[in-house]
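In my numbering, the protein residues as written are 137 to 300.
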């Protein structure tokens, strides 16, 4: 059986005091014009720990410095050709980060963000996510349900396994 090459990534569920979640709008050119709102984060580089990667990605993309070790709340594995360029799928580990409201602006320039397919950063309330009926997708697809459970029950003792 051929080996499967998975992209290991970390993502931050950043919630402010009003329980709004900060999401990045990823405009992915292939498949044609897919737009996905997802938590900030990205790939773990060689020699990097997951929390080290999380701190770097969040600082670069949205400008938030994560000092404490946030709880690991969700674990997602998606094996699907084409889901991540050059890989057979992705493994996303999500960490819960609580913060005061802030204006997201990371270290990356607009051009660098565009190179990562990020076209916008936006705070969303749970009702906004639940009530969204536009063409864009959320990742994970059941973000509204997962976020509702997280807000109601708090961080789980073990990461919750997710689907697509």
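C-beta: ideal position from N, C-alpha, C; glycine also.
A quick note: this is a predicted structure, and the numbers were derived from the prediction, not measured.
CB residue i to CB residue j, shorter than 9 Å?
| i | j | result |
| --- | --- | --- |
| residue 233 | residue 286 | no |
| residue 229 | residue 165 | no |
| residue 262 | residue 283 | yes |
| residue 237 | residue 153 | yes |
| residue 271 | residue 211 | no |
Using CA atoms only, rank isn't needed, just tell me which of the options is closest to residue i.
| i | options | result |
| --- | --- | --- |
| residue 143 | 292, 223, 267 | 223 |
| residue 175 | 148, 292, 279 | 148 |
| residue 247 | 170, 204, 281, 196 | 196 |
| residue 112 | 266, 253, 243 | Absent from the structure is residue 112, since the part of the chain shown begins at 137 and ends at 300. |
| residue 257 | 172, 145, 189 | 172 |
DSSP on residue i, reduced to helix/strand/coil?
| i | result |
| --- | --- |
| residue 293 | coil |
| residue 137 | Here the model assigns residue 137 a pLDDT of 49, short of 50, so the residue's position is not dependable, and the following value carries that caveat. Correct three-state label for residue 137: coil. |
| residue 200 | coil |
| residue 213 | strand |
| residue 132 | A question about residue 132 goes unanswered here, because the residues of the chain that appear run from 137 up to 300. |
| residue 244 | coil |
| residue 161 | strand |
In its own chain, which residues sit with a C-beta less than 6 Å from the C-beta of residue i, not counting the 5 before and 5 after it?
| i | result |
| --- | --- |
| residue 141 | 223, 224 |
Less than 7 Å between C-beta atoms, sequence neighbours within five positions excluded: which residues of the same chain meet that for residue i?
| i | result |
| --- | --- |
| residue 242 | 195, 196, 197, 198, 199 |
| residue 235 | 150, 152, 200 |
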